[in-house]
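Residue numbers (our numbering), protein chains in the order written: chain V, 9 to 192; chain L, 9 to 192. Think of the CB as a built atom: it goes at the ideal place given N, C-alpha and C, for glycine as much as any other residue. These numbers come from a predicted model, not from an experiment.
Protein chains: 2
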Amino acid sequence: MSLEHAILGFLNYAPMTGYDLKKAFDTSVRHFWPADQAQIYRTLKELTRRGWVTVEVVPQEDRPNRKVYHLTDAGREELRRWLRAPSDPEDPRVPLLVKVFFAGQLADEEAVALLEGYAAGLRARLEEYARIPQQAAHYAEAVRSPREVFFWALTLDYGVRLTRAALEWAEETIRHIRNLEEES
Amino acid sequence: MSLEHAILGFLNYAPMTGYDLKKAFDTSVRHFWPADQAQIYRTLKELTRRGWVTVEVVPQEDRPNRKVYHLTDAGREELRRWLRAPSDPEDPRVPLLVKVFFAGQLADEEAVALLEGYAAGLRARLEEYARIPQQAAHYAEAVRSPREVFFWALTLDYGVRLTRAALEWAEETIRHIRNLEEES
DNA sequence: GTATAATATATGACCAGTCATATAATACCA
DNA sequence: TGGTATTATATGACTGGTCATATATTATAC
């Protein structure tokens, strides 16, 4: 399960609270692995039970106590085991394709509208991706580990390439449908 | 929810049992929307409750009775409503990228092995996709609705393009890591 | 003769993830 | 003065999906 291991991965950088972890997810892997706050806290409990992390309660007066989680040796071992383990190749679920599959029920203009909406979402996504490097720049400087930064950048590259491929498909498909219309 | 509506979509082609539906899923949309048998039966129950489908029990002597489900007018309306409704653009979860994100913990050869395993899975997927047109040929003939066949083909085209894009990313990334190794 | 596949429906247990909400203090803005 | 944001943890209810298994008959393969 990815959430568990992503948490181990973050705690391997530095000890953190559930709250910190939520922010870490939201500013890094959220585009390919969003994490729900409730799920993070419940997973931390489970990871503690398994001995992969330990808790250190840091009392605070002005705000709620912090529960700082530390990766244990067993946890670090599990992280590396998971990283090396083969992942089974599952095709990702694509809700849009379910609509496309049954789009024969729609008129041509309606099918085009469906694809235009999808394409608009993809373009917005690409714009968001384009803003990431600047946002990440100060991070990369702070971390000062070019090796880590290299792998982080790979995930963005993947996102851009796949989104572009999907957009090209959508645009060509729209053109295709419009051509069929003209011919008839 | 896609499963519900996919079932409505199939029942719009023809009345069917849960068993038939399972086969329909497995021979068409399984690459982007796999359906569990238990989930199909439970969803049919729910769709009946909502009045989108009706059941007709067809007694059989030699094997279990068939419960043939029929799409109602309300169900057909719901199918078209769903097809026309905008789908919110969510980035798909990509478990591999979680590993890549934390791959700084691995040695270069290990990171390459991770990507090689992924690439192998993608190549197998492309080979499977390449076999689909022949498999679907007799279907397309039987259906005799070129419009339906056109939309079905679009979903395959999407799969091929996205898988190729992912494979290119993986292959270029592998080369990239190997180049870095040589330089050092 | 024995095992497995196909036809057909169904339930129980479980899992990961989502959404809403609770608590409680401080800070800041209008 | 009221409303929202930030810090911080936690629970309850729910949803969609997975896995294993039960039942019962016929057909086919080894």
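| Query | Result |
| --- | --- |
| Min CB distance P141/V to chain L below 7 Å | no |
| Any C-beta of chain L under 7 Å from that of L170/V | yes |
| Short CB-CB distance (under 7 Å) between L104/L and chain V | yes |
| Nearest-angstrom Cα separation, counted from L104/L out to W41/V | 10 Å |
| Status (buried if at least 16 other CB within 10 Å, exposed otherwise) for K107/V | buried |
| Three-state class that DSSP yields for V65/V in the structure shown | strand |
| Start and end residues, beta strand (DSSP E) containing L79/L | 74 to 79 |
| Cβ distance (whole Å) where A173/V is taken to contact A127/V below 8 Å | Not confirmed; about 12 Å, so no contact. |
| L114/V - containing alpha helix (DSSP H), residue span | Unbroken run through L114/V: none, as it is neither H nor E. |
| Contacts that R101/L makes with chain V (C-beta to C-beta distance below 8 Å) | S10, F40, W41, P42, P100 |
| Min CB distance K107/V to chain L below 7 Å | yes |
| Contact set between the stretch 125 to 140 of chain V and chain L, restricted to residues whose Cβ is under 9 Å from the partner | G125, Y126, A128, G129, L130, A132, R133 |
| Proximity below 7 Å, CB of L123/L to CB of T171/L | no |
| 8 Å contact criterion, which F33/V and A46/V should meet: CB distance rounded | Their Cβ separation, rounded to whole angstroms, is 13 Å, which puts F33/V and A46/V out of contact at 8 Å. |
| Residue-level contact to chain V via CB, F159/L, 7 Å cutoff | yes |
| Inter-residue CB distance, R74/L and V63/L (contact presumed, cutoff 8 Å) | In fact, because the Cβ distance is near 10 Å, the residues do not count as touching under 8 Å. |
| Anticipated Cβ contact below 8 Å, L19/V with V61/V, distance rounded | 6 Å |
| Classification of M9/L by the beta-carbon crowding that lies within 10 angstroms, buried from 16 upward | exposed |
| Buried or exposed by the 16-neighbour rule on C-beta atoms within 10 Å, applied to L188/V | exposed |
| Any chain V beta carbon closer than 7 Å to A173/L | yes |
| Pairwise C-alpha distance: A150/L and E156/L | 12 Å |
| Neighbour list for G112/V in chain L, Cβ cutoff strictly below 9 Å | S153, R155, E156, V157, F158, F159, W160 |
| For P72/V and R133/L, believed in contact at Cβ under 8 Å, the rounded distance | That pair is no contact at about 47 Å. |
| Extent of the continuous alpha helix (DSSP H) run through R155/L | 154 to 191 |
| Neighbouring residues, chain V, relative to V37/L (Cβ below 8 Å) | L105, V106, F109 |
| Partner residues on chain L for T163/V, Cβ-Cβ distance less than 7 Å | L105, V108, F109 |
| For L175/V and F159/V, the rounded distance between their alpha carbons | 25 Å |
| C-alpha gap between L166/L and Y137/L, whole angstroms | Looking at the sequence provided, one finds Tyr at residue 166/L rather than Leu. The straight-line gap from Cα to Cα measures roughly 11 Å. |
| Proximity of G113/L and L164/V at Cβ, strictly below 7 Å | Checking the displayed sequence, the identity of residue 113/L turns out to be Gln instead of Gly. No, these two residues do not count as a Cβ contact at 7 Å. |
| Spatial neighbours of A14/V in its chain, beta-carbon cut-off 8 Å, leaving aside the 5 residues before and after | F33, V37, W41, A43 |
| Extent of the continuous alpha helix (DSSP H) to which D193/V belongs | Given a span of 9 to 192 for chain V in the structure shown, any question on residue 193/V remains unanswerable. |
| Distance between L79/L and K53/L (C-alpha atoms, nearest Å) | 13 Å |
| Closer than 8 Å at the beta carbon, the chain V residues around P94/L | G125 |
| Neighbour flag for E181/V against chain L, beta carbons, 7 Å | The residue you asked about is not Glu; residue 181/V is Thr in the sequence shown. By this cut-off, T181/V is an interface position. |
| Pair within 7 Å by beta-carbon distance, L11/L and T56/L | no |
| Short CB-CB distance (under 7 Å) between L91/L and chain V | yes |
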